[in-house]
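First up is the structure itself, then whatever we jot down about it.
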Amino acid sequence: MTSAAEEWAPRRNVLWGSFNGLAYVPRLPPTAYTLLLHMMTEQEPGGLVVATHDEISAGLAMERGMISRAMPHLVAARLVTVVRRGRFQLHPMIAAFNDPREQQRAIKALSKDMRLDVGDFEDEYERRFQLHLDEKARKAEAKAKGNVTPITKPTRLKRVH
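Anchor point for the sequence shown: position 81 equals 81 in the UniProt record's numbering, and the numbering is continuous, going up by one each time.
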């Protein structure tokens with residue numbers, strides 16, 4: 001016989017993670033920390049998080065815009081990589097795996113510039129985030145000047161019989 005709490009609680013595989021990489025997390029805005037911790041609870045083995053910004057915002061009871069503003073901080077800190085819309089990859093040093101050997105292999109496969117424990121993680125975060133802000137400002141300036149090339153959908157050729 002199961003209790004009501006056991007019936008309600010979703011069944012999840014137990015994952016292993018050495019979260020020593022969190023020691024190398026720079027000073028981030030509080031919403032970025034909240035987002036990171038939420039993503040860590042929603043990850044699949046290996047650190048893949050499958051969720052759109054809308055789904056994440058619903059899970060955190062935050063506005064979608066707050067998620068969109070927090071995500072660049074996590075990307076600049078190298079804690080999260082955007083794979084594509086709705087798919088994010090947590091850094092192997094903070095991701096959970098099925099066993100410790102998987103995490104060790106993933107960390108060994110990292111290039112030196114992607115490791116969190118090499119160099120000054122705080123300076124690297126600030127440098128990367130400044131690049132993000134510069135690119136955002138450049139795009140806004142180009143848009144204000146009207147120098148933006150419109151993105152058009154590829155035209156579909158009609159089948160000729």
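Virtual Cβ for every residue (Gly too), placed ideally from N, Cα, C.
Assigned secondary structure, residue i (DSSP; H/G/I helix, E/B strand, else coil)
| i | result |
| --- | --- |
| Val-82 | strand |
| Gln-43 | coil |
| Leu-35 | helix |
| Ala-77 | coil |
| Pro-30 | helix |
| Leu-22 | helix |
| Ala-109 | coil |
| Arg-115 | coil |
| Glu-102 | helix |
Cβ-based burial, residue i [other Cβ within 10 Å; buried from 16]
| i | result |
| --- | --- |
| Phe-88 | buried |
| Leu-116 | buried |
| Gly-146 | exposed |
| Val-80 | buried |
| Gly-47 | buried |
| Val-49 | buried |
| Gln-104 | exposed |
| Ala-77 | buried |
| Gln-43 | buried |
| Gly-119 | exposed |
| Leu-90 | buried |
| Leu-74 | buried |
| Pro-92 | buried |
| Leu-35 | buried |
Residue i - containing beta strand (DSSP E), residue span
| i | result |
| --- | --- |
| Phe-88 | 87-90 |
| Leu-48 | 48-50 |
Range covered by the alpha helix (DSSP H) that runs through residue i
| i | result |
| --- | --- |
| Leu-60 | 53-60 |
| Leu-131 | 121-145 |
Cβ-based neighbour list, residue i, same chain, cut-off 7 angstroms, excluding 5 preceding and 5 following
| i | result |
| --- | --- |
| Phe-121 | Tyr-24 and Pro-26 |
| His-38 | Ile-56, Gly-59 and Leu-60 |
| Phe-19 | Ile-94 |
| Met-114 | Arg-78 |
| Pro-29 | Ala-70 and His-73 |
Residue-chain proximity (residue i, chain D), Cβ-Cβ < 8 angstroms
| i | result |
| --- | --- |
| Glu-124 | Of the protein chains in the structure, only one exists, and it is not chain D. |
Same chain, Cβ closer than 6 angstroms to residue i, five either side skipped, listed in chain order
| i | result |
| --- | --- |
| Asn-98 | Pro-45 |
Cut-off 8 angstroms between Cβ atoms - residues of its own chain near residue i, not counting five sequence neighbours on either side
| i | result |
| --- | --- |
| Lys-112 | Val-118 |
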